[in-house]
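Just so we're aligned, residue 1 is where the sequence shown starts under UniProt numbering, counting upward by one. One structure is given here, and the rest of the page talks about it.
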Amino acid sequence: MLKRIEFACAGGLLVAVVVLVAIASVARAMGSPIIWSVEMAQLIFAWLCMLAADIAMQEDRHFGLQVLQEIFSARTVGLIEIFNILVVIGFLGFLLYYAWGNMILMHPRLVGAAQINASYIHASMVVGILLMMRTMVFQLVRRIRTRGTI
């Protein structure tokens, strides 16, 4: 259910950024540019990137090395995958600490012509990292359960 909501939000953001860029291009060509379009496109694109990264993680579409599966046994590969997931969760926790601090630091700063707080853009990192941590925890639980059946 959450995956569908996340996918729908990402699709909506993709449509929004395409429509915004198209409208801004036409307006600029007609001689009356929309001055806040660049800032809004950046905001939408930052959120879209983070949602897309989590969706890719949910579907195991991020890069990976299959060489280990050919060298080691299935049990050893399962242990290596669990270790890798734990490393990624730790790395995401590290990034979350700094993303949170950066979001707080950017709140007083206003972005260009739109005059929105920069923290709205930087909040995408915090939310995206939390979503990816959630995904990795679910994958960890799934791998531990399937490891017991090997």
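By construction, the Cβ of each residue, glycine as well, lies at the ideal position given by its N, Cα and C atoms. Predicted, not measured: the structure shown is a model, and the values here were computed from it.
- Restricting attention to Gln139, Gln115, Arg142, Leu95, the CA atom closest to the CA of Val126 is found in Leu95.
- A distance below 7 Å between beta-carbons, with the five flanking residues on each side excluded, links Asp54 to the following residues of its chain, in chain order: Glu6, Gly128, Leu131, Met132, Thr135.
- The straight-line gap separating the alpha-carbon atoms of Ile144 and Ala27 is approximately 54 Å.
- In the DSSP assignment, Gly101 falls within the unbroken alpha helix (DSSP H) covering 74-106.
- When Met103, Gly101, Ile121 are compared, the shortest CA-CA separation from Trp47 is found for Ile121.
- Segment contact: the stretch 105-124 against the stretch 71-86, fewer than three CB-CB distances shorter than 8 Å; contact not assigned.
- In this structure, the CA atom of Ala56 is about 14 Å from the CA atom of Val88.
- A residue is called buried when at least 16 other Cβ atoms come within 10 angstroms of its Cβ; Leu51 meets this threshold and is buried.
- In the DSSP assignment, Arg28 falls within the unbroken alpha helix (DSSP H) covering 2-29.
- Between the alpha carbons of Met40 and Gly78 lies a gap of roughly 43 Å.
- Collapsing the DSSP output to three states places Ile116 in a strand.
- Annotation: the continuous alpha helix (DSSP H) that includes Asp54 extends over 37-58.
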